[in-house]
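Protein sequences, first through last, are from chains A and B. Quick note: the first sequence uses this note's numbering, first residue 1, plus one each step. Quick note: the second sequence uses this note's numbering, first residue 1, plus one each step. For glycine and all other residues, C-beta sits at the position ideal for the given N, C-alpha and C. Everything on this sheet refers to the single structure shown next.
Protein chains: 2
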Amino acid sequence: MTAVSAPSATTTSFDLGPARALSCRECGHETPLAPEYACLECFGPLEVAYDFGRVRREDIEAGPRSIWRYKSLLPVPSTVESHPNTSPGGTRLVEADRLAKALGLRKVWVKDDTGNPTHSFKDRVVGVALAAARELGFKVLACPSTGNLANAVAAAAARAGWRSVVLVPSSLERAKILMTAVYDGNLITVDGNYDDVNRLAQELAAEHEDWAFVNVNVRPYYAEGSKTLGFEVAEQLGWRLPDQIVVPIASGSQLTKVDKAFRELGELDLVEQTPYRVFGAQATGCSPVSAAFKAGHDVVSPVRPDTIARSLAIGAPADGPYVLDAVRRTGGAIEDVTDEEVVEGIRLLARTEGIFAETAGGVTVATAKKLVEQGKLDPDGETVLLITGDGLKTLDALGDRVGPRANVPPSAEAVLNALQD
Amino acid sequence: MTAVSAPSATTTSFDLGPARALSCRECGHETPLAPEYACLECFGPLEVAYDFGRVRREDIEAGPRSIWRYKSLLPVPSTVESHPNTSPGGTRLVEADRLAKALGLRKVWVKDDTGNPTHSFKDRVVGVALAAARELGFKVLACPSTGNLANAVAAAAARAGWRSVVLVPSSLERAKILMTAVYDGNLITVDGNYDDVNRLAQELAAEHEDWAFVNVNVRPYYAEGSKTLGFEVAEQLGWRLPDQIVVPIASGSQLTKVDKAFRELGELDLVEQTPYRVFGAQATGCSPVSAAFKAGHDVVSPVRPDTIARSLAIGAPADGPYVLDAVRRTGGAIEDVTDEEVVEGIRLLARTEGIFAETAGGVTVATAKKLVEQGKLDPDGETVLLITGDGLKTLDALGDRVGPRANVPPSAEAVLNALQD
Numbered sequence: 001m002t003a004v005s006a007p008s009a010t011t012t013s014f015d016l017g018p019a020r021a022l023s024c025r026e027c028g029h030e031t032p033l034a035p036e037y038a039c040l041e042c043f044g045p046l047e048v049a050y051d052f053g054r055v056r057r058e059d060i061e062a063g064p065r066s067i068w069r070y071k072s073l074l075p076v077p078s079t080v081e082s083h084p085n086t087s088p089g090g091t092r093l094v095e096a097d098r099l100a101k102a103l104g105l106r107k108v109w110v111k112d113d114t115g116n117p118t119h120s121f122k123d124r125v126v127g128v129a130l131a132a133a134r135e136l137g138f139k140v141l142a143c144p145s146t147g148n149l150a151n152a153v154a155a156a157a158a159r160a161g162w163r164s165v166v167l168v169p170s171s172l173e174r175a176k177i178l179m180t181a182v183y184d185g186n187l188i189t190v191d192g193n194y195d196d197v198n199r200l201a202q203e204l205a206a207e208h209e210d211w212a213f214v215n216v217n218v219r220p221y222y223a224e225g226s227k228t229l230g231f232e233v234a235e236q237l238g239w240r241l242p243d244q245i246v247v248p249i250a251s252g253s254q255l256t257k258v259d260k261a262f263r264e265l266g267e268l269d270l271v272e273q274t275p276y277r278v279f280g281a282q283a284t285g286c287s288p289v290s291a292a293f294k295a296g297h298d299v300v301s302p303v304r305p306d307t308i309a310r311s312l313a314i315g316a317p318a319d320g321p322y323v324l325d326a327v328r329r330t331g332g333a334i335e336d337v338t339d340e341e342v343v344e345g346i347r348l349l350a351r352t353e354g355i356f357a358e359t360a361g362g363v364t365v366a367t368a369k370k371l372v373e374q375g376k377l378d379p380d381g382e383t384v385l386l387i388t389g390d391g392l393k394t395l396d397a398l399g400d401r402v403g404p405r406a407n408v409p410p411s412a413e414a415v416l417n418a419l420q421d
Numbered sequence: 001m002t003a004v005s006a007p008s009a010t011t012t013s014f015d016l017g018p019a020r021a022l023s024c025r026e027c028g029h030e031t032p033l034a035p036e037y038a039c040l041e042c043f044g045p046l047e048v049a050y051d052f053g054r055v056r057r058e059d060i061e062a063g064p065r066s067i068w069r070y071k072s073l074l075p076v077p078s079t080v081e082s083h084p085n086t087s088p089g090g091t092r093l094v095e096a097d098r099l100a101k102a103l104g105l106r107k108v109w110v111k112d113d114t115g116n117p118t119h120s121f122k123d124r125v126v127g128v129a130l131a132a133a134r135e136l137g138f139k140v141l142a143c144p145s146t147g148n149l150a151n152a153v154a155a156a157a158a159r160a161g162w163r164s165v166v167l168v169p170s171s172l173e174r175a176k177i178l179m180t181a182v183y184d185g186n187l188i189t190v191d192g193n194y195d196d197v198n199r200l201a202q203e204l205a206a207e208h209e210d211w212a213f214v215n216v217n218v219r220p221y222y223a224e225g226s227k228t229l230g231f232e233v234a235e236q237l238g239w240r241l242p243d244q245i246v247v248p249i250a251s252g253s254q255l256t257k258v259d260k261a262f263r264e265l266g267e268l269d270l271v272e273q274t275p276y277r278v279f280g281a282q283a284t285g286c287s288p289v290s291a292a293f294k295a296g297h298d299v300v301s302p303v304r305p306d307t308i309a310r311s312l313a314i315g316a317p318a319d320g321p322y323v324l325d326a327v328r329r330t331g332g333a334i335e336d337v338t339d340e341e342v343v344e345g346i347r348l349l350a351r352t353e354g355i356f357a358e359t360a361g362g363v364t365v366a367t368a369k370k371l372v373e374q375g376k377l378d379p380d381g382e383t384v385l386l387i388t389g390d391g392l393k394t395l396d397a398l399g400d401r402v403g404p405r406a407n408v409p410p411s412a413e414a415v416l417n418a419l420q421d
């Protein structure tokens, strides 16, 4: 516990485990651990820098079945489990032989993050954000969101007994509104699009120094939570890295953090440093990073999103350039798929493996299929697909393409006739 | 693997692990392991009888993070994990201090089964049913259902590469239809109520000897899957039994199997045989077992269900008398709550612990509250509440009682004003 009553950039007494400082991704300038997110020198994004001590597999394996087993690799206090939290992580890594066959890949694993407390990977990043925010002296958990993050923030705040402020566009689907409102925090719908909501969050974060907007002013800590996806995949494979991994791109943060996780595991000798390739997946209706990759650009030109994959619909992805770096460095590629292919991707995963993903999962599966067809994914490489959210939250995307085989009167003969059609 | 091409009651060569025979719950008559569910002597329900060898904690703890760690206590082959399945179980046991305080109980744990693959405990029973059905020679996985079971059967069949036939009333909510249809089995909607659908299933099961209707002709095996809820609770508590557990009642099978699990653990010296009390929860609009308990009856009179807790809406619960036995034997009680209390129960759990349960979970929480107020649950007893399904599947039950705090124009001032109201 800290005695700090409000965030302050001048103290360095925070217990954030192995985190040593914040470091600018652009100019490398270091600043003490603090509730900051932009470099004071160049306004570049800050990232957590660490002094990892010795980290051993046995210590991790002896930990809880949640992301906190990796606390020695995260910017969180060593006492993190003792504070009420949703205990995210520990989701299934599914050996997907039927999907592999359908895709023409030798070996596929599906990381199924629908098993998280609010059914998306956002529980991971919010878990880390809350733990860091508590230590940094914040009192309110907040975010701008279009769905999954809203659910995760509202649930985590409820569990912790914190006040929450969640801002969403008023056009959001009823299911996402209800699944946020039920936790009884302060859900405010805003007449505007996500960009408007995001700007509002920036403004409110600047005015309220005890409000932790998880994906704004606590973003350097928050983003580290995505590393746990990479850690879990490697541990569940028996402490080794896959040959290939396909990751959906929204802001791009998740892809860069999975890459970071794999590098850290190698550097710490927790896995052998075998080569791996990182692939990115976008919906064509919001594919600025894919476009930049194909054009050979280093920067990403913003677009106006128009896709059913709403959780990936970020037209100006903050981590776009870092995604391009990671994908090019590892020898991967980035592709994009149409909304129709997204739905087919959802159906393919459901039909072959019994996993019902949200649209982002459809993007990942459909992109993997395209990458195989293009010869970019090695059919003999062991491949991991990240499924980051739940189909129950994006039912409308299925449209009329999914439904009962038949509707019949209550007679056995009618059922049998329907099955023969 | 079995060489049997179709089910046969005459062979006893099935590898169903520790399962020894089927035993009639009414007359005790034993019959060899087979695809049977009713006693040939008295038509009573059959239950699996076991010859457990020595079962050690260490062997269980060394097993997978799914229900298969308990395979030595289930009617499944010892090779069960080697066949594709959804790997259910391993869900969180949440230390619920904020809920405990709200309920006036010293210590509460919430078993959160929304973390299962299709977000309800039905994945557990279907997992066991599929494993037994494969061994018994069935070829098609089937069920009548009003929702959760339909989701679980369709997903498990998809994952296993089996054909599925799922029958539901045509009035079922669109979300449940879509979440079943997406797995691309044979979903048939039937113009009729659940009773009609159930009768159809009985008829079809009699006509098709290779169709495993999980909750009809494979029921003795299927039902054993619910024991894993009890096993997990005990193991997660550090291999001990809670003082009190509150279980929702639909057919009543789950409650009796949790009780059976606790007894088996004690008999096998896996836990100390400490006293525990089992409490049952129903919605007042479908409370035949609660009514029988209060009236001191041994039999349950059927009712016509009228409640928002549709997953509990079984008017003629097959295991009603056995529920009454277990609750009375352990010194527990059964209560029921109104639909309004159900919604308040959902909201209380969400607000205090960040867990969004379906209506059945609201029934459990609201009933626990009522049992505390009545002095039936001991405020000093360590209490477990079973949350068996997910709020995303029963959004309509929330009605207009849950929603945003305010809708505002995109200005910081408007947000702040809304928060002050």
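**OP:** Using a Cβ-Cβ cut-off of less than 9 Å, give me the residues of the stretch 373 to 404 of chain A that come near chain B, in sequence order.
**Re:** D390, G391, L392, K393, L395, L398, V402, G403 and P404
Original post:
DSSP puts S164(B) in a beta bridge; with which residues?
Top reply: Residue mapping note: residue 164(B) aligns to position 164 of the second sequence, counting from 1. DSSP output for S164(B) lists L141(B) as bridge partner(s).
Original post:
I think V408(B) touches A418(B), with their Cβ atoms under 8 Å apart; what is that distance to the nearest whole Å?
Top reply: Locating residue 408(B) in the second sequence gives position 408, counting from the first residue. Locating residue 418(B) in the second sequence gives position 418, counting from the first residue. Rounded, the Cβ-Cβ distance is 5 Å, consistent with contact.
Original post:
Of all Cβ atoms in chain A, is any one closer than 8 Å to the Cβ of A6(B)?
Top reply: Working through the second sequence from its first residue, we reach residue 6(B) at position 6. Only weak support exists for where A6(B) lies, its pLDDT of 43 falling under 50; the value from the coordinates is given anyway. False, the Cβ-Cβ gap to chain A never drops below 8 Å.
Original post:
Between the C-alpha atoms of L416(A) and V190(B), what's the straight-line distance to the nearest angstrom?
Top reply: Position 416 of the first sequence, counted from the start, is the residue given in the question as residue 416(A). Position 190 of the second sequence, counted from the start, is the residue given in the question as residue 190(B). One C-alpha to the other measures close to 12 Å.
**OP:** Less than 8 Å between the CB atoms is what I'm expecting for P404(A) and I188(B), so what's the real figure, rounded?
**Re:** Position 404 of the first sequence holds residue 404(A). Position 188 of the second sequence holds residue 188(B). So it is a contact: roughly 6 Å between Cβ atoms.
Original post:
At a Cβ threshold of 8 Å, is V110(A) touching chain B?
Top reply: On the first sequence, position 110 is the one that residue 110(A) refers to. So, not an interface residue.
Subject >> 9 Å Cβ cut-off: residues of chain A touching A158(B) >> reply: Taking the second sequence and counting its residues from 1, the one referred to as residue 158(B) is at position 158. R98, A350, R351, T352, E353, G354 and I355, listed in chain order.
**OP:** Assign F43(A) to one of two classes, buried (16 or more other C-beta atoms within 10 Å of its C-beta) or exposed (fewer than that).
**Re:** As a working mapping, residue 43(A) is identified with position 43 in the first sequence. With fewer than 16 other Cβ atoms within 10 Å, it is exposed.
Subject >> Spatially closest choice to V337(B) from A283(B), G361(B), R351(B) and D210(B), by CA coordinates >> reply: Residue mapping note: residue 337(B) aligns to position 337 of the second sequence, counting from 1. If we check each option's Cα against that of V337(B), A283(B) comes out closest.
**OP:** Take the Cβ of Q244(A) as the centre, count every other Cβ of all protein chains shown within 10 Å, and call the residue buried at 16 or more, exposed below.
**Re:** By 1-based counting over the first sequence, the position of residue 244(A) is 244. The residue in question, Q244(A), is buried, as its Cβ has 16 or more Cβ neighbours within 10 Å.
Subject >> Start and end residues, alpha helix (DSSP H) containing E353(B) >> reply: Along the second sequence, read from residue 1 onward, the residue named residue 353(B) stands at position 353. Here the alpha helix (DSSP H) through E353(B) covers D339 to E353.
**OP:** List the residues of chain A whose Cβ lies closer than 7 Å to the Cβ of N423(B), in chain order.
**Re:** This structure cannot settle anything about residue 423(B), because the visible part of chain B is limited to 1 through 421.
Original post:
For G161(A), which of A49(A), R25(A), V323(A) and T86(A) has the nearest alpha-carbon?
Top reply: As a first step, residue 161(A) is located in the first sequence; it is residue number 161 there, counting from the start. Nearest option by C-alpha distance: T86(A).
Subject >> Alpha-carbon spacing of F293(B) relative to P302(B), whole angstroms >> reply: Here the question's residue 293(B) lines up with position 293 in the second sequence. Here the question's residue 302(B) lines up with position 302 in the second sequence. Separation of F293(B) and P302(B) (C-alpha to C-alpha, rounded to the nearest whole angstrom) is 14 Å.
Original post:
By how many angstroms is the C-alpha of S311(A) removed from the C-alpha of P88(A)?
Top reply: Looking up residue 88(A) in the first sequence gives position 88. Looking up residue 311(A) in the first sequence gives position 311. Spanning the two alpha carbons is a distance of roughly 19 Å.
Subject >> Residue span of the beta strand (DSSP E) that contains I245(B), given as start and end >> reply: Looking up residue 245(B) in the second sequence gives position 245. It spans Q244 to P248 - the beta strand (DSSP E) in which I245(B) sits, taken as one unbroken run.
Subject >> Where P409(A) meets chain B, residues with beta-carbon distance less than 7 Å >> reply: Here residue 409(A) refers to the residue found at position 409 of the first sequence. Those within 7 Å of P409(A) in chain B are D191.
**OP:** Assign A100(A) to one of two classes, buried (16 or more other C-beta atoms within 10 Å of its C-beta) or exposed (fewer than that).
**Re:** The residue given as residue 100(A) occupies position 100 in the first sequence. A100(A) comes out buried.
Subject >> Burial state of L40(A), where buried means 16 or more other Cβ atoms lie within 10 Å >> reply: Reading the first sequence from its first residue, position 40 is the one you call residue 40(A). Per the 10 Å Cβ criterion, exposed.
Subject >> Nearest-angstrom Cα separation, counted from D123(B) out to T146(B) >> reply: Taking the second sequence and counting its residues from 1, one reaches residue 146(B) at position 146. Taking the second sequence and counting its residues from 1, one reaches residue 123(B) at position 123. If you take the alpha carbons of T146(B) and D123(B), they lie about 15 Å apart.
Original post:
Going by the beta-carbon positions, is the gap between A333(A) and L371(A) smaller than 8 Å?
Top reply: Reading the first sequence from its first residue, position 333 is the one you call residue 333(A). Reading the first sequence from its first residue, position 371 is the one you call residue 371(A). Yes, Cβ-Cβ distance for A333(A) and L371(A) is below 8 Å.
Original post:
So what's I334(B) in DSSP terms, helix, strand or just coil?
Top reply: Residue mapping note: residue 334(B) aligns to position 334 of the second sequence, counting from 1. Note: I334(B) maps to strand in three-state DSSP.
**OP:** Give the residues from the stretch 33 to 65 of chain A that approach chain B closer than 9 Å (Cβ to any Cβ), ordered along the chain.
**Re:** If the cut-off is 9 Å between Cβ atoms, the stretch 33 to 65 of chain A has R65 near chain B.
**OP:** Tell me A212(A)'s beta-bridge partners as DSSP assigns them.
**Re:** Residue numbering aside, residue 212(A) sits at position 212 when the first sequence is read from its first letter. DSSP lists L141(A) as partners of A212(A).
**OP:** Spatial neighbours of A19(A) within its chain, please: CB distance less than 7 Å, with the 5 preceding and 5 following residues excluded, ordered by chain position.
**Re:** Residue 19(A) sits at position 19 when you count from the first residue of the first sequence. Excluding sequence neighbours, A19(A) sits near L33, V48, Y50 and P75.
Original post:
Using a beta-carbon distance cut-off of less than 9 Å, what residues from the stretch 310 to 330 of chain B approach chain A?
Top reply: none
**OP:** Along the beta strand (DSSP E) that carries L385(B), what are the first and last residues, could you check?
**Re:** Looking up residue 385(B) in the second sequence gives position 385. Where L385(B) is concerned, the enclosing beta strand (DSSP E) stretches over E382 to I387.
Subject >> Cβ-based neighbour list, R98(B), same chain, cut-off 7 Å, excluding 5 preceding and 5 following >> reply: Counted from its first residue, the second sequence places residue 98(B) at position 98. These residues qualify, in order along the chain: T352 and E353.
**OP:** Please report how far the alpha carbon of A366(A) lies from the alpha carbon of L255(B), in whole angstroms.
**Re:** Here residue 366(A) corresponds to residue number 366 of the first sequence, with the count starting at 1. Here residue 255(B) corresponds to residue number 255 of the second sequence, with the count starting at 1. Taking the straight line joining both Cα atoms gives about 43 Å.
Subject >> Anticipated Cβ contact below 8 Å, Y222(A) with A129(A), distance rounded >> reply: Locating residue 222(A) in the first sequence gives position 222, where the first residue counts as 1. Locating residue 129(A) in the first sequence gives position 129, where the first residue counts as 1. Indeed, because the Cβ distance is near 4 Å, the residues count as touching under 8 Å.
**OP:** Can you give me, in chain order, the residues of the stretch 102 to 127 of chain B that have a beta carbon less than 9 Å from any beta carbon in chain A?
**Re:** Result list: D112, T114, G115, N116, P117, T118 and H119.
Original post:
Can you name the residues of chain B whose CB is closer than 8 Å to the CB of I346(A)?
Top reply: As a first step, residue 346(A) must be located in the first sequence, where it is residue number 346. Residues of chain B passing the Cβ test: V182.
Original post:
What are the residues that DSSP puts in a beta bridge with D423(B)?
Top reply: Since the first residue of chain B shown is 1 and the last is 421, residue 423(B) is not available in this structure.
Original post:
When you compare each of L103(B), R56(B), A96(B) and F52(B) to G375(B) by their alpha carbons, which one comes out closest?
Top reply: As a first step, residue 375(B) is located in the second sequence; it is residue number 375 there, counting from the start. Nearest C-alpha to G375(B): L103(B).
Original post:
In the DSSP assignment, what are the bridge partners of D390(B)?
Top reply: The residue you call residue 390(B) lines up with position 390 of the second sequence. The beta-bridge partner set that DSSP reports for D390(B) consists of A357(B).
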